[in-house]
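*Asks:* In the order they appear, the protein sequences are chains A and B.
Remember, my numbering sits 31 above the position in the first sequence when you count from 1.
Remember, my numbering sits 31 above the position in the second sequence when you count from 1.
Virtual Cβ for every residue (Gly too), placed ideally from N, Cα, C.
Number of protein chains: 2
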Amino acid sequence: MFFLKELPTQAMINRYSEDYFPERSEDVAKKLQGLREYSTLIRKLEDYFASHNLSQLRFLVMMVIDREPDRDHLFAHEITERLDVSKPVLSRAIKKLIAASLLSSKKDKQDARAVLLSLTPTSKELLRSILPGYFDILSAQSHSV
Amino acid sequence: MFFLKELPTQAMINRYSEDYFPERSEDVAKKLQGLREYSTLIRKLEDYFASHNLSQLRFLVMMVIDREPDRDHLFAHEITERLDVSKPVLSRAIKKLIAASLLSSKKDKQDARAVLLSLTPTSKELLRSILPGYFDILSAQSHSV
DNA sequence: CGCATATAGTTACCATGGTAACTATATTGT
DNA sequence: ACAATATAGTTACCATGGTAACTATATGCG
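And the structure:
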């Protein structure tokens, strides 16, 4: 999350950064603007998911299972490879999804430690129903990007 | 935070979104890429601030006081106007900054509810010392932006 | 004036992010 | 075979985000 509402003017950035690398202060201004825009976008997405009793993470967990070619399940550690999230946080997200019947789990026969995670009919339908709004938010015009 | 490491291919986005608005799927791809890049950037900034016993928010609180023209202090509610953060979160951030001697507070004489917040010599020096690294991270080249 | 409303800031509680350390199972190497 | 190491997932604990409701003070208005 990036909180700054009113971005510093170029003059202000120059004032702060000119001693160090004046040649890069335009980059700095662009990055700050990008940070602000994407933070706003992330807030919109989070609000949207919250209105469906989801979070971005729980949505993405379902997405990476859904988009997996050739298989209808993933193990938690495979999800960790696909999402930039720590194991404990993923573990809890999965627990919540299972509690909400949005994920089903099955012990793996080869590896007693591992758990197969698959989408349920409910979550497949939920995914289909929320995707339009998701893409809508993502494709909405922002000020500059 | 946006977690997805491997972004969906254009073909995948089309598969998901073509029923709804195929004409916008390029926007979607661009936005997802932007989200990922800015999430990575935010992580780098957070790590940098953490290495100085700060957070992005506490840094920005000091910055908005420092950058205020004509005055050397702000009230908490004025900081709320400048930063997109809830009052309780700001309240705690301020408490931590005061505890670390990075902010000094003084009761306002006109309004007994309000508290004047100013930078301390320590925080002015700290700001100066961390700004180069901050701009460095912001101006570092990313893959596409 | 004095009551209703607004504002400044805090408290209580919850959601979600992280790391370190743990249990249980699998694998590796001698 | 079995000890050492690696891996799957969880637990415990902390940081930081949010909203609702609270206290205290200020303001507006009949």
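Take every Cβ of the segment 89 to 103 of chain B, pair it with every Cβ of the segment 150 to 166 of chain B, and state whether three or more of those distances are shorter than 8 Å.
*Replies:* Touching, yes.
*Asks:* Starting from Val-146 (chain B), trace the beta strand (DSSP E) both ways and give me its first and last residue.
*Replies:* Taking the first residue of the second sequence as position 1, residue 146 (chain B) is located at position 115. Segment 146 to 150, the beta strand (DSSP E) holding Val-146 (chain B).
*Asks:* CB-CB under 8 Å to Val-146 (chain A), same chain, minus the five flanking residues each way: which ones, in chain order?
*Replies:* Start at 1 with the first residue of the first sequence, and residue 146 (chain A) comes out as number 115. Taken in chain order, the residues that qualify are Phe-106, Ala-107, Ser-136, Lys-137, Lys-138, Asp-139.
*Asks:* Measure the C-alpha to C-alpha separation of Tyr-79 (chain B) and Ser-117 (chain A) and round it to an integer number of angstroms.
*Replies:* For the purposes of this step, residue 79 (chain B) is taken as the residue at position 48 of the second sequence. For the purposes of this step, residue 117 (chain A) is taken as the residue at position 86 of the first sequence. Whole-angstrom Cα-Cα distance: 19 Å.
*Asks:* The beta strand (DSSP E) that contains Leu-134 (chain A), what's its start and end?
*Replies:* Taking the first sequence and counting its residues from 1, one reaches residue 134 (chain A) at position 103. Segment 134 to 138, the beta strand (DSSP E) holding Leu-134 (chain A).
*Asks:* Where do the ends of the beta strand (DSSP E) carrying Phe-177 (chain B) lie?
*Replies:* Since the displayed chain B opens at 32 and closes at 176, residue 177 (chain B) lies outside it and no answer follows.
*Asks:* Just the C-alpha distance for Ser-56 (chain B) and Ala-171 (chain B), rounded to the nearest angstrom, thanks.
*Replies:* For this step, residue 56 (chain B) is matched to residue 25 along the second sequence. For this step, residue 171 (chain B) is matched to residue 140 along the second sequence. Their Cα atoms are separated by approximately 29 Å.
*Asks:* Taking a contact to mean a Cβ-Cβ separation below 9 Å, would you say Phe-34 (chain B) touches Ser-70 (chain B) in this structure?
*Replies:* Position 3 of the second sequence, counted from the start, is the residue given in the question as residue 34 (chain B). Position 39 of the second sequence, counted from the start, is the residue given in the question as residue 70 (chain B). Cβ distance < 9 Å, so Phe-34 (chain B) and Ser-70 (chain B) count as in contact.
*Asks:* Can you find a C-beta in chain B that's less than 9 Å from the C-beta of Ile-30 (chain A)?
*Replies:* Because chain A spans 32 through 176 in this model, residue 30 (chain A) falls outside it and cannot be assessed.
*Asks:* Are the Cβ atoms of Pro-100 (chain A) and Leu-63 (chain A) separated by less than 9 Å?
*Replies:* Here residue 100 (chain A) is taken as the residue at index 69 of the first sequence, counted from 1. Here residue 63 (chain A) is taken as the residue at index 32 of the first sequence, counted from 1. No, the pair does not count as a contact, with Cβ atoms beyond the cut-off.
*Asks:* Taking Asp-58 (chain B) as part of the alpha helix (DSSP H), name the residues at either end of that continuous run.
*Replies:* Against the second sequence, residue 58 (chain B) aligns to sequence position 27. 56 to 81 is the extent of the alpha helix (DSSP H) around Asp-58 (chain B).
*Asks:* In the DSSP assignment, what residue or residues form a beta bridge with Leu-114 (chain B)?
*Replies:* For the purposes of this step, residue 114 (chain B) is identified with residue 83 of the second sequence, where counting begins at 1. Answer by DSSP bridge pairing, in chain order: A:Leu-35.
*Asks:* Starting from Leu-91 (chain A), trace the alpha helix (DSSP H) in both directions and tell me its first and last residue.
*Replies:* Here residue 91 (chain A) is taken as the residue at index 60 of the first sequence, counted from 1. Counting along the chain, the alpha helix (DSSP H) containing Leu-91 (chain A) begins and ends at 87 to 97.
*Asks:* Write down the C-beta distance between Ile-168 (chain B) and Leu-148 (chain B) rounded to the nearest angstrom, noting that I regard them as a contact closer than 8 Å.
*Replies:* Locating residue 168 (chain B) in the second sequence gives position 137, counting from the first residue. Locating residue 148 (chain B) in the second sequence gives position 117, counting from the first residue. Actually they are not in contact, since the Cβ atoms of Ile-168 (chain B) and Leu-148 (chain B) sit about 26 Å apart, beyond 8 Å.
*Asks:* Can you pull the chain B neighbours of Arg-102 (chain A), defined as C-beta to C-beta under 9 Å?
*Replies:* Looking up residue 102 (chain A) in the first sequence gives position 71. In chain order: nothing, as chain B lies at least about 15 Å away.
*Asks:* Considering only their Cβ atoms, is the gap separating Lys-36 (chain A) from Leu-114 (chain B) smaller than 9 Å?
*Replies:* Along the second sequence, one-based indexing puts residue 114 (chain B) at 83. Along the first sequence, one-based indexing puts residue 36 (chain A) at 5. Yes, these two residues count as a Cβ contact at 9 Å.
*Asks:* Kindly list, in the order they appear in chain A, the residues whose Cβ is closer than 8 Å to that of Glu-37 (chain B).
*Replies:* Numbered from 1 along the second sequence, position 6 holds the residue referred to as residue 37 (chain B). What Glu-37 (chain B) touches in chain A: Arg-113.
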